[in-house]
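S.K.:
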Amino acid sequence: MTEDVGVTRREVIRFISSFLNRKPHKFCPECSSRVARPTVSVARSLSTSSQSHAKVAVLGASGGIGQPLSLLLKNSPLVSHLNLYDIAHTPGVAADLSHIETRAQVKGFIGADQLDAAVKGCEVVVIPAGVPRKPGMTRDDLFNTNATIVAILADAIARNCPEAMICIIANPVNSTIPITSEIMKKHGVYNPNRVFGVTTLDIVRANAFVAELKGLDPARVNVPVIGGHAGKTIIPLISQCTPKVEFPADQLAALTGRIQEAGTEVVKAKAGAGSATLSMAYAGARFTFSVLDAMNGKEGVVECAYVRSEETECKYFSTPLLLGKNGIEKNLGLGKLTAFEEKLVADAIGELKSSIKKGEDFVANMK
Ligand SMILES: NC(=O)c1ccc[n+]([C@@H]2O[C@H](COP(=O)([O-])OP(=O)(O)OC[C@H]3O[C@@H](n4cnc5c(N)ncnc54)[C@H](O)[C@@H]3O)[C@@H](O)[C@H]2O)c1
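Residue 145 in full-length UniProt numbering is what sits at position 145 of the sequence shown, and the numbering runs on without skipping anything.
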């Protein structure tokens with residue numbers, strides 16, 4: 001873009017930056033929260049100071065989440081190669097994105113025959129493939145279809161890029177992470193520090209809702225959300241919010257319920273046209289950029305994600321994680337919970353355990 005077309009590149013950058021910009025926070029022991037909010041790098045993606053050479057694949061790239069997520073990744077200098085895989089429409093999506101004047105080289109891959117090539121040598125693989133909910137459905141209702149899809153994709157990752165950071169968006173996340181882990185184990189390449197269930201949308205929503213209720217700048221709010229990614233397994237830790245916020249008991253219960261059912265709010269509003277896609281693309285990009293930042297040696301990158309865990313009696317559990325070059329560097333645990341939050345955790349354990357077992361049994365019974 002040149003100076004004579006009316007809108008200069010600097011003006012465009014200023015506009016997008018003001019729209020998306022977030023001040024960087026670091027994980028900092030002096031901070032009132034254990035969990036400092038990561039830099040949301042969507043805006044930073046316009047800077048050239050943080051380039052890297054990551055090869056990233058999006059599997060399910062033509063979908064409601066896949067397309068805007070791929071757009072955000074294409075816009076980042078953290079990504080040098082962007083492989084877009086789906087069973088439909090990827091030639092068009094890739095051709096479209098490849099015309100954007102950013103450096104990531106975009107390639108489209110379509111159909112099972114091209115899956116191996118799509119993930120070969122990738123450092124990060126993000127998976128928004130699979131069917132979304134319709135009104136009246138739970139995330140678990142998606143199990144039968146999405147379990148098979150995720151298992152096929154995980155198998156390709158295990159054979160072609162076993163070291164990749166795997167970021168799973170496909171629901172039910174509470175089961176698709178155990179499925180992915182079991183597939184990686186079958187191939188003898190499981191690294192629990194590199195398999196993530198993306199729960200970032202729960203954090204994004206909690207931040208937005210708290211900011212709305214308290215009249216705060218959402219960019220400054222950080223609510224850790226732990227547990228899993230379905231209904232009552234979604235556990236916002238409002239007591240650990242930065243800045244510190246307080247709510248009367250009835251408002252706290254209503255806020256917690258809204259965060260737990262926020263996905264359903266979108267499913268109902270879309271009335272049969274799917275579930276959250278744009279906010280999920282934003283959240284997926286935020287998580288991917290955090291993983292890439294940490295891989296590039298940035299210190300103090302913390303995100304919550306649903307991972308293999310020793311923090312509770314559940315084998316998989318989401319908590320704040322300090323990320324590093326090799327994925328999870330340190331699990332920061334649950335922190336100090338209030339009695340209200342302790343009960344939420346206790347109420348989530350049974351459902352989480354059964355979703356985990358369902359995922360593990362699925363792989364054990366696979367032919
Ligand atoms: N983790 C979260 O917070 C979160 C939030 C919202 C949605 N989701 C989940 O993300 C998934 C995708 O949602 P969406 O709204 O983008 O759905 P969508 O139907 O719009 O897109 C899904 C895409 O997956 C593709 N696909 C289907 N089978 C495939 C296969 N075998 N290999 C590769 N691609 C395949 C489809 O062709 C489609 O393009 C759903 O499972 C949904 O429940 C997760």
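For glycine and all other residues, C-beta sits at the position ideal for the given N, C-alpha and C.
When the distance is taken between beta carbons, is V195 closer than 9 Å to V307?
M.R.: In the sequence shown, counting from the first residue as 1, residue 307 sits at position 307. In the sequence shown, counting from the first residue as 1, residue 195 sits at position 195. Contact: yes.
S.K.: Say the cut is 8 Å; is the CB of G108 nearer than that to a heavy atom of ligand 1?
M.R.: Here residue 108 is taken as the residue at index 108 of the sequence shown, counted from 1. False, no ligand heavy atom lies under 8 Å from that Cβ.
S.K.: Along the alpha helix (DSSP H) that carries A156, what are the first and last residues, could you check?
M.R.: Counting from 1 along the sequence shown, the entry for residue 156 is found at position 156. Its alpha helix (DSSP H) spans residues F143 to N160.
S.K.: For A170, which option in P248, N144 and L237 has the closest C-alpha, if you only look at C-alpha atoms?
M.R.: On the sequence shown, position 170 is the one that residue 170 refers to. Per the Cα distances, N144.
S.K.: Which same chain residues end up closer than 7 Å to L278 when comparing Cβ atoms and leaving out the 5 residues on each side of it in sequence?
M.R.: Taking the first residue of the sequence shown as 1, we reach residue 278 at position 278. P68.
S.K.: Shorter than 8 Å, the distance from the beta carbon of H53 to the closest heavy atom of ligand 1, or not?
M.R.: On the sequence shown, position 53 is the one that residue 53 refers to. No, ligand 1 has no heavy atom inside 8 Å of this Cβ.
S.K.: For D86, report the span of its beta strand (DSSP E) as first-last.
M.R.: For the purposes of this step, residue 86 is taken as the residue at position 86 of the sequence shown. Note, D86: beta strand (DSSP E), V79 to D86.
S.K.: Output the distance between the C-alpha atoms of Q251 and A95, rounded to the nearest integer angstrom.
M.R.: Within the sequence shown, numbered from 1, the residue matching residue 251 stands at position 251. Within the sequence shown, numbered from 1, the residue matching residue 95 stands at position 95. Taking the straight line joining both Cα atoms gives about 48 Å.
S.K.: Just how far apart, CA to CA, sit L352 and N326?
M.R.: Position 352 of the sequence shown, counted from the first residue, corresponds to residue 352. Position 326 of the sequence shown, counted from the first residue, corresponds to residue 326. In a straight line, the C-alpha of L352 is about 26 Å away from that of N326.
S.K.: When every heavy atom of ligand 1 is checked, does at least one fall within less than 8 Å of the C-beta of T338?
M.R.: As a position in the sequence shown, residue 338 is number 338, starting the count at 1. Result no, Cβ not under 8 Å from ligand 1.
S.K.: Count Cβ pairs between the stretch 214-221 and the stretch 167-182 that sit closer than 8 Å; are there 3 or more?
M.R.: With a cut-off of 8 Å, the stretch 167-182 and the stretch 214-221 do not count as touching, because too few Cβ pairs lie within range.
S.K.: If you reduce the DSSP assignment to three classes, tell me which class F317 lands in.
M.R.: Here residue 317 refers to the residue found at position 317 when the sequence shown is read from its first residue. Three-state result, F317: strand.
S.K.: Just reading off the beta strand (DSSP E) that P236 is part of, what are its end residues?
M.R.: Start at 1 with the first residue of the sequence shown, and residue 236 comes out as number 236. Unbroken beta strand (DSSP E) run through P236: I234 to P236.
S.K.: Is the beta carbon of I179 sitting closer than 9 Å to the one on G60?
M.R.: Along the sequence shown, read from residue 1 onward, the residue named residue 179 stands at position 179. Along the sequence shown, read from residue 1 onward, the residue named residue 60 stands at position 60. No, the pair does not count as a contact, with Cβ atoms beyond the cut-off.
S.K.: Spatial neighbours of F362 within its chain, please: C-beta separation below 7 Å, excluding the five flanking residues on both sides.
M.R.: To locate residue 362, count along the sequence shown from 1; it is residue 362. Closer than 7 Å at Cβ, skipping near neighbours: A147 and I179.
S.K.: Taking the C-alpha atoms as reference points, what is the distance between I234 and K120?
M.R.: In the sequence shown, residue 234 corresponds to position 234, counting from 1. In the sequence shown, residue 120 corresponds to position 120, counting from 1. If you take the alpha carbons of I234 and K120, they lie about 34 Å apart.
S.K.: Is it buried or exposed for D293, if we count other Cβ within 10 angstroms and need 16 for buried?
M.R.: Indexing the sequence shown from 1 puts residue 293 at position 293. It is buried - the Cβ of D293 has at least 16 other Cβ atoms within 10 Å.
S.K.: Quick one, which of P243, A346, T338 and F287 has its alpha-carbon nearest P320's?
M.R.: Numbered from its first residue, the sequence shown carries residue 320 at position 320. Closest by alpha carbon: F287.
S.K.: From the DSSP output, read off the bridge partner residues of I168.
M.R.: Residue 168 sits at position 168 when you count from the first residue of the sequence shown. Bridge partners of I168: I127 and G197.
S.K.: Could you spell out where the alpha helix (DSSP H) holding L332 opens and where it closes?
M.R.: As a working mapping, residue 332 is identified with position 332 in the sequence shown. No alpha helix (DSSP H) holds L332; DSSP gives it neither H nor E.
S.K.: Hey, would you say the C-beta of D140 is under 8 Å away from at least one heavy atom of ligand 1?
M.R.: One-based indexing of the sequence shown puts residue 140 at position 140. No; taking the cut-off as 8 Å, the Cβ of D140 has no heavy atom of ligand 1 nearer than that.
S.K.: Among S98, I203, A156 and K185, whose alpha-carbon lies nearest the alpha-carbon of A364?
M.R.: Residue mapping note: residue 364 aligns to position 364 of the sequence shown, counting from 1. Here the closest residue by C-alpha is K185.
S.K.: Any chance the CB of N146 is under 8 Å from a heavy atom of ligand 1?
M.R.: As a first step, residue 146 is located in the sequence shown; it is residue number 146 there, counting from the start. Within the cutoff, so yes.
S.K.: Return yes when at least one heavy atom of ligand 1 lies under 8 Å from the C-beta of S275, else no.
M.R.: Position 275 of the sequence shown, counted from the first residue, corresponds to residue 275. Yes, the beta carbon of S275 sits closer than 8 Å to at least one heavy atom of ligand 1.
S.K.: Nearest to G197 by alpha carbon, out of S309, C314, A339 and A305?
M.R.: Taking the first residue of the sequence shown as 1, we reach residue 197 at position 197. Ranking S309, C314, A339 and A305 by Cα distance to G197 puts A305 first.
S.K.: Is there at least one non-hydrogen atom of ligand 1 closer than 8 Å to the beta-carbon of S62?
M.R.: In the sequence shown, the residue the question calls residue 62 occupies position 62. Checking every heavy atom of ligand 1 against the Cβ of S62, one is found closer than 8 Å.
S.K.: Taking the Cβ atom as the reference point for each residue, do residue 369 and L334 lie within a distance shorter than 9 Å?
M.R.: One cannot answer for residue 369 here, as it falls past the ends of the chain, which runs 1 to 367.
S.K.: What does DSSP give as the partner residue(s) for F109 in the beta ladder?
M.R.: Translated into positions along the sequence shown, residue 109 becomes position 109. Per DSSP, Y85.
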